[in-house]
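Data block below; observations after.
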Amino acid sequence: MTQTKKLEVWLRGPVNGVPALLQPVAHALQQACEEVESFMQDFPEDLIWERPAGVASVGYHLQHLTGILQRLLTYARGEALSEDQLAFLYSEGKPTEATAQDLVQRYREQLNKALEQLKQTDENTLTEVRRVGRAQVESTVMGLLFHAAEHSMRHVGQLLVTARVLRGQAKEA
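As structure tokens, then:
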């Protein structure tokens, strides 16, 4: 493993093609995905929908990471959510036949779309107003993109703790 790979994403330098002001977003999103991919390797399939102490399942967090990224980037483009996106939102946390690796792959695919959108985002639009949700709450392009990054990291942290607890319980059993 090279020294660069050992560094956290934000210390590895600029993400190619991403505007300077959006580098923190790209770094955080890539860091989140790397941590998920690493931690979910060999995760026991029978634990994916378990909810220790009533917290959200690993499966929920994987679904939500994909969904929230897609939704926030949709709003950042100035678009309303589609019926498919709303259906996905309402299905988050409901067990599916998808494996943990299927859910991780879907998240990776959404992350790649997010990075492409960041590359296409003109820095001059970052303060433009965007409306969020049915209530049409006011935000900005920058607000939505940064929230996508911080919200992703929040759920990655929750996913990692839940997964670690579940693995620990499985070892004890």
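Taking UniProt numbering, the leading residue of the sequence shown gets 1, the next gets one more, and so forth. Backbone N, C-alpha and C define an ideal beta-carbon position, used for all residues, glycine too.
Scanning its chain for C-beta atoms nearer than 8 Å, with the 5 sequence neighbours on each side dropped, one finds around M142 the residues L21, L126, T127, in chain order. Excluding the 5 residues flanking it on each side, L144 has same chain C-beta neighbours closer than 8 Å at L72, L73, Y75, A76, R130, V132, in chain order. In this structure, G78 is the residue among G78, Q41, P24, Q120 with its C-alpha nearest to the C-alpha of Q136. Restricted to the UniProt domain "DinB-like" (29-159), the beta strand (DSSP E) segments that are unbroken, complete and at least 3 residues in length are 129-132, 137-140, listed in chain order.
Q31 sits close to E8, with the two beta carbons spaced by under 8 Å. Under the criterion of beta carbons closer than 8 Å, L47 and V58 qualify as touching, at roughly 7 Å.
Contact between H27 and W10 holds: CB atoms are separated by about 4 Å, below the 8 Å threshold. In the three-state DSSP reduction, V15 falls in the coil class, being neither helix nor strand. Taking 8 Å as the cut-off, the beta carbon of L159 is found closer than this to the beta carbon of L62.
Collapsing the DSSP output to three states places E172 in a helix. In this model, E123 and Y90 are separated by some 33 Å (Cα to Cα). In terms of Cβ geometry, R108 and C33 form a close pair [threshold 8 Å]. When DSSP states are grouped into helix, strand and coil, L7 belongs to the coil group.
Between A148 and G93 the beta-carbon gap is near 19 Å, outside 8 Å, which marks them as no contact.
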